[in-house]
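Chemist: Provided herewith is a single structure, encoded as structure tokens, for subsequent inquiry.
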Amino acid sequence: MAAPLVLVLVVAVTVRAALFRSSLAEFISERVEVVSPLSSWKRVVEGLSLLDLGVSPYSGAVFHETPLIIYLFHFLIDYAELVFMITDALTAIALYFAIQDFNKVVFKKQKLLLELDQYAPDVAELIRTPMEMRYIPLKVALFYLLNPYTILSCVAKSTCAINNTLIAFFILTTIKGSAFLSAIFLALATYQSLYPLTLFVPGLLYLLQTRHINPNSAAAVHTCENEEQSLLDLFLGVCHDVCGKPSGNHLPLLLPSQLLGFHPRSLWLYINVFFYTIPLAIKLKEHPIFFMFIQIAVIAIFKSYPTVGDVALYMAFFPVWNHLYRFLRNIFVLTCIIIVCSLLFPVLWHLWIYAGSANSNFFYAITLTFNVGQILLISDYFYAFLRREYYLTHGLYLTAKDGTEAMLVLK
Amino acid sequence: MAAAMPLALLVLLLLGPGGWCLAEPPRDSLREELVITPLPSGDVAATFQFRTRWDSELQREGVSHYRLFPKALGQLISKYSLRELHLSFTQGFWRTRYWGPPFLQAPSVWINLGRSSVMSSQGSSAPLSTSSTPPTQSLPLPPSNPWVWPMAGLSVLLKADRLFHTSYHSQAVHIRPVCRNARCTSISWELRQTLSVVFDAFITGQGKKDWSLFRMFSRTLTEPCPLASESRVYVDITTYNQDNETLEVHPPPTTTYQDVILGTRKTYAIYDLLDTAMINNSRNLNIQLKWKRPPENEAPPVPFLHAQRYVSGYGLQKGELSTLLYNTHPYRAFPVLLLDTVPWYLRLYVHTLTITSKGKENKPSYIHYQPAQDRLQPHLLEMLIQLPANSVT
């Protein structure tokens, strides 16, 4: 398994290096779909040069990154391209090993439920086999590295890639079962942008459940929960105190949208991200990794300055749920929406800003359509997942009382 | 006699503590001056300056007696507790290369409004209301309209239609407090209104470089302003040489005045309108200048240091602001402190700042940069740069 992964990594690095050297790099790093005011590389450089001039980087309205990023790039500014290629590679490797372990867990759980006769008798074709799950980790790494969105994000040197790496490592450490490390990575990811905080719930659920599968005492479960919570708080606090002191301005970092002065009514739009956590936790408490996938997608759609880098992270998970393909209803329409919107973004931006013949409504309509497409995609996957679970427990060929084929209605 | 005493006491009592309502209004004085300078390119620059000095404590309540000082400006100062007010409107650019350095410094902060009218305003601790109009319409006046004068004295020359057919037109209002004595226990307010115009030689002189007040302003001076304590016209006759007889000024001046202005020695002919001999001779005073011999077309002395700025790039995302500093001295290098403010709506990135002199990078000795905050404060850049001799930075 290592050789194909290395091959994929080499191809990905080559593609990125080629794009870095070409003239497209500067063009891409200006695109508003790829970089946002919160993740733009130009602003990182600006913050560093303000620091060199002796001015606080947070005194103007330009720099919105965390002090950790300043420390990281203070020494690595000359190797920035290499840093971003390495972060992409690390994300792919983390996802690869995470999904490898997750597949083992899924298979183990499936075997357990089969032995316990929890499944209906005629669902043999829905049962997953190790053969079909063999290449899934590689496909995940491939999906992430060769996704055009990821490549654009890397070439633009958007700090969203660093956030993706931290979330990927959080997923890896959660699946491996280490509460301490997963708390550390979650704290780092939350420190950079507030939204990964919602991933605390699925992470906690997963860790509790895996402790249940392994024969451990109930006391250990509770200590684990407390340990994770306290670690998270401790780490966030430590980050605030230690890293926040040089800037003295750490609190506004956690509320980037407020810092940039948005209208208070739209606060509810950004709280949207947090609204979905509780209902999803209630519905998906048996499937925390799927819950995590949905939550990452919700973050990517509803965060205040979404970019294609966030979209790329949850798109990498599609191979994990490829057994749901037969239940997806709108996949063709959604693919067309996503592709067409991606192509129309630069066109309408050019028409609005440079040609002057369109106005902001056109660009806004395209972003809206893209978001609607993403929402439909996520709800489609959610529906497919629930439908498969229903079939597993109630049987695939359902008949109504009079013998005809039954219709399933989602209520 | 006995009755007169209590009466005198009563009068004294009235004039004493309660006497403030019967006290004299604070003194104010008006001085008006006009300086006419022929420019090296043949154009004529006329600079009016009206100074009103008012010995009054405006910040305190109870001031209601306005005479020479405009009431609206006084109310503005007392309501907003202004310390200083500088407001100027300018149309056109002072062409330093053809005209030499300006007599009155052009304002430092420029905001470009409309086609070619620019406006600059600075006020301390006061909100400012501004307006802009295309240059052919009537001049936008500050709300107080201090430019309406009794039609006497130098203000007779301020006829609007002539004033607008000029290459350069700038008017400014400056208000500041001045100390009345050495210890500055009491202050008086000085209102300085200036108007600078440059008349195009072709329009006024029909190709010849001779000018006269009537040709420029289509009016002549008829009588001095009765409110003014000083009313003078200065004509720059530096190129006048007794032997060569390059020019002739008519009527001949009574006095001349020599001074070093902006580094060069200049001679001025003075016409005092309050001097009764001046006006009595003829009912009107029309100062004329005739060139006997065409003056050598000397280029104005290029100042040692001058600067130029231009904008390049296009669109909202790519733009460049370039400032060129010229040091024309042949062998001496100058350290220059450059202070730059750029409005907040232009997003500047300080990491793209580059300074090059003669092709090599020039590192400033001192940089202070304050980034802009949206809608609150502009960018502020202050640098101490060494300009090498005979170079462009």
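Those protein sequences? They're chains A and B, same order as listed. Taking the numbering used here, I'd label the letters of the first sequence as residues 1 to 411. Taking the numbering used here, I'd label the letters of the second sequence as residues 1001 to 1393. Where a beta carbon is used, it is the ideal one built from N, C-alpha and C, also for glycine.
Beta strand (DSSP E) containing P1335 of chain B: first to last residue?
Modeler: Note, P1335 of chain B: beta strand (DSSP E), 1334–1342.
Chemist: Would V308 of chain A count as contacting chain E if we go by Cβ distances under 8 angstroms?
Modeler: Of the protein chains in the structure, A and B, none is chain E.
Chemist: Please say whether G47 of chain A and N164 of chain A have beta carbons closer to each other than 8 angstroms?
Modeler: no
Chemist: Report the three-state DSSP secondary structure of H394 of chain A (helix, strand or coil).
Modeler: helix
Chemist: Is the separation between the beta-carbon of F332 of chain A and that of I366 of chain A shorter than 8 angstroms?
Modeler: Cβ distance not < 8 angstroms, so F332 of chain A and I366 of chain A don't count as in contact.
Chemist: Tell me, to the nearest whole angstrom, how far the beta carbon of L152 of chain A is from that of V34 of chain A; I am working on the premise that it is less than 8 angstroms.
Modeler: 5 angstroms
Chemist: Between Y1366 of chain B and chain A, is there a C-beta pair that is closer than 8 angstroms?
Modeler: no
Chemist: Can F1199 of chain B and V1044 of chain B be called in contact, C-beta distance under 8 angstroms?
Modeler: Contact flag set, yes.
Chemist: In terms of residues, what are the limits of the alpha helix (DSSP H) holding H74 of chain A?
Modeler: Start and end: 67–76.
Chemist: When you compare only the Cα positions, how much space is there between H1379 of chain B and Y71 of chain A?
Modeler: 26 angstroms
Chemist: Starting from L152 of chain A and walking both ways along the alpha helix (DSSP H), at which residues does that stretch end?
Modeler: 148–155
Chemist: DSSP on N371 of chain A, reduced to helix/strand/coil?
Modeler: helix
Chemist: Take L207 of chain A as the anchor and find which of A:H287, A:W349, A:I299 has the nearest alpha-carbon.
Modeler: Nearest neighbour of L207 of chain A by Cα position, chosen from A:H287, A:W349, A:I299, turns out to be A:H287.
Chemist: If we count the other Cβ atoms within 10 Å of its Cβ and call it buried at 16 or more, is H1065 of chain B buried or exposed?
Modeler: exposed
Chemist: Quick check: the Cα distance between P196 of chain A and P202 of chain A, rounded to an integer number of angstroms?
Modeler: 11 angstroms
Chemist: Short of 7 angstroms Cβ to Cβ, which residues in the stretch 326–348 of chain A face chain B?
Modeler: none
Chemist: Measure the alpha-carbon distance for F107 of chain A versus S379 of chain A and round it to whole angstroms.
Modeler: 25 angstroms
Chemist: Taking the straight line between their C-alpha atoms, what separation do you get for L1387 of chain B and Q1377 of chain B?
Modeler: 29 angstroms
Chemist: In chain B, which residues lie with their C-beta within 8 angstroms of the C-beta of V62 of chain A?
Modeler: R1347, Y1349, P1371
Chemist: How about L152 of chain A: is its C-beta nearer than 8 angstroms to some C-beta of chain B?
Modeler: no
Chemist: Using 10 angstroms around the beta-carbon of Y314 of chain A, count the other beta-carbons present and answer buried if the total reaches 16, otherwise exposed.
Modeler: buried
Chemist: Looking at the C-beta of K157 of chain A, does it have a partner C-beta in chain B at a distance below 8 angstroms?
Modeler: No, because no Cβ of chain B sits closer than 8 angstroms to the Cβ of K157 of chain A.
Chemist: Okay, do the stretch 380–391 of chain A and the stretch 317–327 of chain A touch, 3+ Cβ pairs below 8 angstroms being the bar?
Modeler: yes
Chemist: In terms of residues, what are the limits of the beta strand (DSSP E) holding M292 of chain A?
Modeler: In this chain, M292 of chain A is not harboured by any beta strand (DSSP E); it is covered by the alpha helix (DSSP H) spanning 288–302.
Chemist: Give the residues of chain B in contact with L53 of chain A, contact being defined as C-beta atoms less than 9 angstroms apart.
Modeler: V1350, I1367, H1368, Y1369
Chemist: Using a beta-carbon distance below 8 angstroms, is D1210 of chain B in contact with chain A?
Modeler: So no, D1210 of chain B is outside the interface.
Chemist: Is there a Cβ of chain A sitting closer than 8 angstroms to that of D1374 of chain B, yes or no?
Modeler: yes
Chemist: Can you tell me where the beta strand (DSSP E) holding S1231 of chain B begins and where it ends?
Modeler: From DSSP, the beta strand (DSSP E) with S1231 of chain B extends over 1228–1236.
Chemist: Indicate the three-state DSSP secondary structure (helix, strand or coil) for N1286 of chain B in the structure shown.
Modeler: coil
Chemist: Which two residues bound the contiguous beta strand (DSSP E) that contains R1192 of chain B?
Modeler: 1187–1199
Chemist: Just curious, the beta strand (DSSP E) that M1383 of chain B is in, first and last residue?
Modeler: 1379–1387
Chemist: Using a threshold of 7 angstroms, is the CB atom of A98 of chain A nearer than that to any non-hydrogen atom of the ligand ZN?
Modeler: By its list of ligands, the structure shown contains no ligand whatsoever, and the ligand ZN lies outside what it can speak to.
Chemist: By a C-beta neighbour count over all protein chains shown, 10 Å radius and 16 as the cutoff for buried, is V273 of chain A buried or exposed?
Modeler: Classification for V273 of chain A: buried.
Chemist: Whole-angstrom Cβ separation of A141 of chain A and F84 of chain A, contact assumed at under 8 angstroms?
Modeler: With a Cβ gap of about 17 angstroms, A141 of chain A and F84 of chain A do not count as contacting.
Chemist: Find out if the Cβ-Cβ distance for the pair L280 of chain A, F293 of chain A is shorter than 8 angstroms.
Modeler: no
Chemist: Thinking C-beta only, is T393 of chain A closer than 8 angstroms to T277 of chain A?
Modeler: Taking the C-beta atoms as reference points, T393 of chain A is found no nearer than 8 angstroms to T277 of chain A.
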